[in-house]
Structures are given as C-alpha cells and as structure tokens.
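Asks:
In the numbering used here, the protein residues as written are 497 to 665.
1. Could you name the residues that DSSP lists as bridge partners for residue 584?
2. Going by alpha carbons, who is nearest to residue 641 out of 589, 583 and 603?
3. Since I believe residue 648 is in contact with residue 608 (beta carbons under 8 Å), could you give me their beta-carbon distance rounded to a whole number of angstroms?
4. Starting from the Cα of residue 599, find the closest Cα among 577, 518 and 588 and give me that residue.
5. Which stretch, first to last residue, makes up the alpha helix (DSSP H) that contains residue 610?
6. Could you check how far apart the C-beta atoms of residue 601 and residue 579 are, in whole angstroms? I think they sit under 8 Å.
7. Note down the Cα distance separating residue 679 from residue 645, rounded to an integer number of angstroms.
8. Would you check if the region 626–638 and the region 542–561 touch, i.e. whether three or more CB-CB distances between them fall below 8 Å?
9. In chain order, what residues of the same chain have a beta carbon less than 7 Å from the beta carbon of residue 538, not counting five sequence neighbours either side?
10. Would you kindly work out how many angstroms separate the C-alpha atoms of residue 564 and residue 590, rounded to a whole number?
11. Taking the Cβ atom as the reference point for each residue, do residue 500 and residue 507 lie within a distance shorter than 9 Å?
12. Which term fits residue 504, buried or exposed, when burial requires 16 or more other beta carbons within 10 angstroms of its beta carbon?
13. Does DSSP put residue 521 in a helix, a strand or coil?
14. Which value, in whole angstroms, describes the spacing of the CA atoms of residue 586 and residue 605?
15. With a Cβ-Cβ cutoff of 9 Å, do residue 549 and residue 613 count as a contact?
16. Does the distance from the C-beta atom of residue 639 to that of residue 629 stay below 9 Å?
17. Could you tell me which uninterrupted beta strand (DSSP E) segments, each at least 3 residues in length, are contained entirely in the region 503–581, listed from first to last along the chain?
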C-alpha cells in the first residue's frame with residue numbers, strides 16, 4: 497500500500513500493479529468458469545473422451561470441433577491425415593524413415609501434441625513405450641510422431657463409437 501507521502505511515481509506504480517493483479521484474478525476466474533461450461537458440453541456429446549489419459553476439456557473440445565460428426569471421415573487414416581499425424585515418407589538413400597505431416601488442421605495437431613506430451617509424463621504405458629523406443633535408438637521427435645498417429649487412431653475409433661449428436665441450442 498502506498499502512503500500519501502510517497503512519490504507520485506511510486507503511488508502510480510502501486511496502483512497499476514494492483515489493477516493488473518485484479519484483472520489477472522478476474523481473468524483466471526472467468527477461465528475456470530468457461531472451462532467448467534466446456535466440460536459440461538463435451539460430456540454431453542462425448543463423455544468417454546474426458547476419461548482418456550491426457551485429455552482435458554479444452555483438448556476434447558478441439559477434437560470434437562475437428563472431428564465434427566460420425567461418418568465425416570471414411571477411415572482413421574483420413575482423420576490422421578487431417579490431424580497432420582499421418583506419416584509422410586522422408587527416406588533418402590538406404591535410410592527408410594518417416595516424418596510428421598505438416599498439413600491438415602493445425603489446431604487438431606496441437607491438441608494431439610498436448611495429449612502425447614501429457615501421456616509421456618503421466619501415463620505408464622506411454623512412458624514404457626517411450627523408454628523402449630529410446631533404447632532402440634529412436635529420436636524423441638520420431639517417438640512423438642508414432643504416438644500422435646496411435647492417439648489419432650484411438651480417438652477416431654472412440655469418437656465414431658461413442659459420440660452422440662451435439663445438443664441443440
């Protein structure tokens with residue numbers, strides 16, 4: 497708290513910092529409320545999605561927005577291509593390898609990336625897979641590419657099997 501005897505610059509700085517902290521707290525409160533509403537909407541459309549490891553309401557909402565409705569994609573490969581998780585051959589000479597597809601829906605790809613990163617830290621089977629692939633000499637980038645493709649496959653099957661029609665407003 498600034499005193500009336502403090503220099504005007506000090507009082508102004510304290511006031512600005514107080515206002516900024518109030519705005520930050522209000523924004524945090526708003527974000528929590530919006531996330532709770534988003535969780536309700538996602539639960540109404542695809543309740544099984546939020547039970548998957550590494551998936552929160554924001555990534556689930558992005559998955560639903562990009563996936564849209566049952567039958568939109570002819571196969572999980574088409575969904576992976578949209579997600580930018582389909583492997584693209586990047587072989588040269590005697591080395592056969594693949595790279596990530598840079599095309600498709602970048603927001604969906606970001607959601608998959610977030611899920612993979614969370615699973616690599618908190619999901620036991622994914623940690624074991626990562627350790628096994630590192631022991632085989634694979635790079636982190638290549639491991640994430642494989643995991644993104646696997647996650648895209650799992651989520652496509654889950655969405656096609658369990659999602660309902662979105663609630664009408």
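Just so you know, even glycine gets a beta-carbon here, dropped at the ideal spot from N, CA and C.
Replies: From the atom records:
1. Counting from 1 along the chain shown, the entry for residue 584 is found at position 88. Its beta-bridge partners are 595.
2. Here residue 641 refers to the residue found at position 145 of the chain shown. Nearest option by C-alpha distance: 583.
3. By one-based count along the chain shown, residue 608 stands at place 112. By one-based count along the chain shown, residue 648 stands at place 152. 6 Å between Cβ atoms; contact.
4. Position 103 of the chain shown, counted from the start, is the residue given in the question as residue 599. Out of 577, 518 and 588, 577 has the C-alpha closest to the C-alpha of residue 599.
5. Translated into the one-based positions of the chain shown, residue 610 becomes position 114. Per DSSP, residue 610 belongs to the alpha helix (DSSP H) from 602–618.
6. Position 105 of the chain shown, counted from the first residue, corresponds to residue 601. Position 83 of the chain shown, counted from the first residue, corresponds to residue 579. About 6 Å; that satisfies the 8 Å criterion.
7. The requested residue 679 does not occur in the structure, where the chain is confined to residues 497 to 665.
8. no
9. Translated into the one-based positions of the chain shown, residue 538 becomes position 42. Hits under 7 Å: 545, 546, 553, 556, 557 and 560.
10. Mapped onto the chain shown, residue 564 falls at position 68. Mapped onto the chain shown, residue 590 falls at position 94. Spanning the two alpha carbons is a distance of roughly 41 Å.
11. Counting from 1 along the chain shown, the entry for residue 500 is found at position 4. Counting from 1 along the chain shown, the entry for residue 507 is found at position 11. Yes, Cβ-Cβ distance for residue 500 and residue 507 is below 9 Å.
12. Looking up residue 504 in the chain shown gives position 8. Exposed: under 16 other Cβ atoms inside 10 Å.
13. As a position in the chain shown, residue 521 is number 25, starting the count at 1. Looking at residue 521 - three-state DSSP - the assignment turns out to be helix.
14. Start at 1 with the first residue of the chain shown, and residue 586 comes out as number 90. Start at 1 with the first residue of the chain shown, and residue 605 comes out as number 109. Spanning the two alpha carbons is a distance of roughly 19 Å.
15. The residue labelled residue 549 in the question sits at position 53 within the chain shown. The residue labelled residue 613 in the question sits at position 117 within the chain shown. No, they are not a contact pair.
16. The residue you call residue 639 lines up with position 143 of the chain shown. The residue you call residue 629 lines up with position 133 of the chain shown. For residue 639 and residue 629, yes; Cβs fall inside 9 Å.
17. As for any beta strand (DSSP E) of minimum length 3 sitting wholly inside the region 503–581, there is none.
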